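**Student:** This is the structure, below, for whatever I ask next.
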Amino acid sequence: MLADYAIAGTPDACRQQIEALIARTGCCNLRCLFSANGLIPIAEAEAAMALFAAEVMPAFRDYAVLAVPEFHLEGS
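Shown next, in the form of structure tokens:
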């Protein structure tokens with residue numbers, strides 16, 4: 016069940032899960048929480064971020080990034 020809500024594992028497993036998410040949903044944005052909202056120590060979270068940046072993100076370098084339309088509240 017967690018696999019439906021989280022991407023986790025080795026860099027290769029994370030790449031595969033992100034590719035599957037994109038194929039399934041057309042997702043073009045991903046929110047990453049490396050510290051589990053404070054449950055994981057900062058040093059471990061920073062190490063995970065560095066690993067993600069080095070080993071996972073480069074695989075998606077050539078993916079198109081869609082511009083997010085501007086949002087304006089009425090009256091502002």
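With the first letter of the sequence shown counted as 1, position 15 gets the number 30 in my numbering; the numbers rise by one all the way through. Where is the CB? At the ideal position from N, CA and C, for every residue including glycine. None of these values were measured; they are calculated from a predicted model.
#1: Can ILE33 and ILE22 be called in contact, C-beta distance under 8 Å?
#2: Using the C-alpha atoms, what's the distance from GLU89 back to THR25?
#3: Looking at CYS47: is its Cβ nearer than 8 Å to the Cβ of PHE75?
#4: Starting from PHE75, follow the alpha helix (DSSP H) in both directions and report where the run begins and ends.
#5: Does the Cβ-Cβ distance between PHE49 and MET64 come in under 8 Å?
#6: If you count every other CB in all the chains shown that lies within 10 Å of the CB of CYS29, and 16 or more means buried, which is it?
**Tutor:** Taking the definition as stated:
#1: Position 18 of the sequence shown, counted from the start, is the residue given in the question as residue 33. Position 7 of the sequence shown, counted from the start, is the residue given in the question as residue 22. Less than 8 Å separates the beta-carbon of ILE33 from that of ILE22.
#2: The residue you call residue 25 lines up with position 10 of the sequence shown. The residue you call residue 89 lines up with position 74 of the sequence shown. Straight-line Cα distance between these residues: approximately 45 Å.
#3: As a position in the sequence shown, residue 47 is number 32, starting the count at 1. As a position in the sequence shown, residue 75 is number 60, starting the count at 1. When the beta-carbon positions are compared, CYS47 and PHE75 stay at least 8 Å from each other.
#4: Counting from 1 along the sequence shown, the entry for residue 75 is found at position 60. The continuous stretches of alpha helix (DSSP H) do not include PHE75, and DSSP gives it neither H nor E.
#5: For the purposes of this step, residue 49 is taken as residue 34 along the sequence shown, with counting starting at 1. For the purposes of this step, residue 64 is taken as residue 49 along the sequence shown, with counting starting at 1. Yes.
#6: For this step, residue 29 is matched to residue 14 along the sequence shown. With 16 or more other Cβ atoms within 10 Å, it is buried.
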